[in-house]
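Quick note on numbering: the sequence shown equals residues 1 to 311 in full-length UniProt numbering. Yeah, the Cβ is synthetic: ideal placement off N, Cα and C, and Gly gets one too. Since the structure is predicted, the reported quantities are computational estimates derived from the model, not experimental observations.
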Amino acid sequence: MFNTMLSKISPNVGNYVISLSNKLTDGLFCQDVGTSFAAPYVSHIAALVLERYPHISNNLLRAILASASSVPKEIELQIEKLDDTEEFINCLQPSFKQNVKGQMRANKKKMLHYLVGYGYPIQDMATDSFEQRVMLLADMKDENAIQVDKNHIFEIPIPKEFEAAKGKKRITVSLAYNPDVRKTRMDYLGKSMSFDLIRGKSLEEVYQVCASQAGLDEEEKKERFESKYICDIGNCGKTLREYGTLQKGTFEFSRSSYGENYYLVVDCKKNWSVEKQNYALVVTYQVEDKSVKIYELLKNRIRVPRGRERV
């Protein structure tokens with residue numbers, strides 16, 4: 001359980017369970033905590049988020065927790081230190097191998113994602129915005145839900161001061177949705193969602209390109225824009241990210257000259273369900289330059305988020 005006095009996880013003897021011991025010299029049975037420390041830690045932060053935002057959906061709660069999460073540097077370094085020796089590569093499952101210029105290498109991004117996901121949430125990041133870090137929230141449900149084989153386009157303002165700030169700038173997008181499921185089928189998700197962050201294009205250009213591809217299968221769709229106009233959102237990679245119903249990606253840059261607005265395109269693809277889909281978005285801005293007060297800059301520009309469906 002989470003000990004608020006010590007600000008850490010403390011064992012709860014009430015959760016102890018009897019199990020077979022992995023130390024046979026100590027006896028055949030042992031007792032230990034039967035639940036993960038992660039459960040009370042994340043539940044505690046989730047409760048604080050709900051106290052701060054009492055009327056949000058489960059989707060928005062999940063998106064906020066993902067947005068506030070980070071992977072410990074120590075774990076990243078341990079994965080990076082793994083040598084691509086032949087012996088090590090042979091021990092890996094095929095899904096964790098990749099061919100790089102004719103040589104087999106470990107897919108370390110995928111290994112890291114399978115090991116720690118998006119990391120663990122930080123309490124302050126989940127409940128507050130700061131001068132150099134700001135969250136924008138969108139709870140798209142009921143009449144604002146997205147139709148299958150449609151998309152929503154969100155205008156993401158980029159203040160000049162943010163773009164010109166010293167050091168690295170980050171825009172993080174978190175998407176959460178709860179599709180219909182069929183537990184007895186391989187294609188158990190009724191719908192699949194994804195997102196792209198577009199820069200250097202006008203709203204009308206983005207809309208026209210999306211509208212021209214309405215109803216097409218993925219194989220029939222052409223690349224929407226040249227790669228330079230699509231923000232390279234890192235983390236685990238687009239393909240792996242889109243497998244889940246909780247998705248997160250971060251665009252990090254030092255210099256940019258693509259205008260005062262980016263556009264976030266959210267897609268909803270029909271698998272077998274035709275119902276409208278509720279979802280939630282969190283867009284987080286972060287800047288290293290302490291002289292840039294991103295909170296005030298965005299507060300002066302943000303209006304009610306506007307979505308636009310393709311037809």
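Counting along the chain, the unbroken beta strand (DSSP E) around Cys268 starts and ends at Asn261 to Lys270. Using a 10 angstroms sphere on the CB of Phe130, the tally of other CB atoms stays under 16, which defines it as exposed. Assigned with DSSP and collapsed to three states, Asp128 falls in coil, not helix or strand. Beta-carbon to beta-carbon, Asn151 and Thr245 are separated by about 17 Å, too far to satisfy the 8 Å threshold. In the DSSP assignment, Glu155 falls within the unbroken beta strand (DSSP E) covering Lys150 to Pro157. If you look at Tyr279, you'll find it in the beta strand (DSSP E) that goes Tyr279 to Val287. Annotation for Gln98: no alpha helix (DSSP H) segment contains it, though the beta strand (DSSP E) segment containing it runs Lys97 to Val100.
Note on the stretch 173 to 206: whole beta strand (DSSP E) runs with a minimum of 3 residues are 191 to 198, in chain order. Taking C-beta atoms under 8 Å as the contact rule, Phe195 and Leu264 qualify, at a distance of about 6 Å.
Under the DSSP assignment, Arg241 falls in the alpha helix (DSSP H) whose first and last residues are Lys238 to Arg241. For Val116 and Ser273, the gap between their C-alpha atoms comes out near 31 Å.
Judged by DSSP in its simplified three-state form, Phe225 adopts coil rather than helix or strand. For Glu74, the uninterrupted alpha helix (DSSP H) run begins and ends at Lys73 to Glu80, by DSSP. Looking at the backbone, the Cα of Leu50 and that of Val173 are separated by about 20 Å.
Below 8 Å, enough C-beta pairs join the stretch 130 to 144 and the stretch 278 to 292 to call them touching: three or more.
Per the coordinates, the alpha-carbon of Lys166 lies some 21 Å from the alpha-carbon of Gly200. Inter-residue distance for Cys236 and Lys290 is about 29 Å (C-alpha atoms, whole angstroms).
The three-state secondary structure of Lys169, taken from DSSP, is strand. Counting along the chain, Phe162 sits inside the alpha helix (DSSP H) bounded by residues Lys160 to Glu163. Residue pairing of Ser69 in beta bridges, as defined by DSSP: Pro121. Nearest to Asn58 by C-alpha distance, out of Ala176, Pro40, Arg301 and Glu252, is Ala176. Under the DSSP assignment, Ala106 falls in the beta strand (DSSP E) whose first and last residues are Gln103 to Ala106.
DSSP places Arg52 outside any beta strand (DSSP E); the residue lies instead in the alpha helix (DSSP H), whose first and last residues are Ala38 to Arg52. For Leu60, the closest of Phe225, Ala126 and Gln98 by C-alpha to C-alpha distance is Ala126. Here DSSP, grouped into helix, strand and coil, assigns Arg133 to strand.
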